[in-house]
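All residue numbers for the sequence shown refer to the working numbering, where the first residue is 313 and numbers rise by one. Written below as structure tokens is the structure these notes are about.
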Amino acid sequence: MFENPSPSFDVDWIDEALTFEYVTQLIGRLICLEEAGENFSGVDYWQKHIFAFKVLKDDWCGESLTSFVGFRERDFEALTPPYNGVDDAKAEPESKSDPESEEYSANYKKAAFLIWEMLANASMWKVPHAHELTHSVQLVTLLDLQENEGMDAAPGTFGKLFRFGTVNLRQTREGIEMMPTPRPSQTWKKGVLEV
């Protein structure tokens, strides 16, 4: 179904057909429409103006490192552990976990690996609502809950480190791996609203 899927690439969609229809419609409109009197060619636009890159690596880095299923709950867990040493946050927030416990240590290591890997090797962190598309609760849905307000940027947490890092740290990787944008094998000479 996917080109070169990794073992951790497992989908969590409720209805695969609905999800693929949605994505296919977006891509089809953009790259398969030839100019039909509206002064717009999706084919030309795709070939000349789209920066295509490996989305699993650059937008879904965390998911591709672990698993798509249940990843958003793990996202939330990665943002909230205390992290000492981020920007102006000197004190750790109150935590119910014992910093000396094995559970705390394991959660800290997972959160540290995930956040630093994304800061070092991802272009963005795609955090969708994905309403009615997945079985798992999405990160944005969790953050929208009143009891979780501000937890993605609480002082002294990995969430705060991530926000700080995206603005103040610079990646040292050579660049984003680009992909070719070949002409589609089938195109349509129709107006944008006709397809």
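Don't be surprised by glycine CBs; every beta carbon is placed ideally from N, CA and C. Since we're looking at a predicted model, the values are computed, not measured.
- If the five residues before and after residue 503 are omitted, its C-beta is found closer than 6 Å to the C-beta atoms of 348 and 350, all from its own chain and listed in chain order.
- In the three-state reduction of the DSSP assignment, residue 469 falls in the strand class.
- Residue 394 and residue 422 have their C-alpha atoms roughly 12 Å apart.
- Note on geometry: alpha-carbon atoms of residue 359 and residue 432 lie some 29 Å from one another.
- Boundaries of the alpha helix (DSSP H) harbouring residue 356: 354 to 361, taken from the DSSP string.
- Boundaries for residue 503: no alpha helix (DSSP H) harbours it, and the DSSP string shows neither H nor E there.
- Under a 10 Å Cβ-count criterion, residue 417 is classified as exposed, with fewer than 16 other Cβ atoms of the shown protein chains found around its own Cβ.
- In this structure, residue 495 and residue 355 form a Cβ contact; the two beta carbons are roughly 6 Å apart against a cut-off of 8 Å.
- Contact between the region 431 to 447 and the region 482 to 491 is established, with three or more Cβ pairs separated by less than 8 Å.
- With a cutoff of 9 Å on beta-carbon distance, residue 473 and residue 388 are scored as not near each other.
- A distance below 6 Å between beta-carbons, with the five flanking residues on each side excluded, links residue 478 to no residue of its chain.
- The beta carbon of residue 439 sits closer than 6 Å to those of 451 and 452, all from its chain and outside the five residues before and after it, given in chain order.
- Straight-line spacing of the CA atoms in residue 346 and residue 340 works out to 11 Å.
- Secondary structure of residue 378 (DSSP, three-state): coil.
- Straight-line measurement puts the Cα of residue 369 at about 11 Å from the Cα of residue 429.
- The beta carbon of residue 392 lies closer than 6 Å to those of 463 and 469 in the same chain, with the five residues before and after it left out.
- Residue environment analysis places residue 484 among the exposed positions, since fewer than 16 neighbouring C-beta atoms fall within 10 angstroms of its C-beta.
- Taking residue 386 as reference, the option from 364, 420 and 366 with the minimal CA-CA separation is 420.
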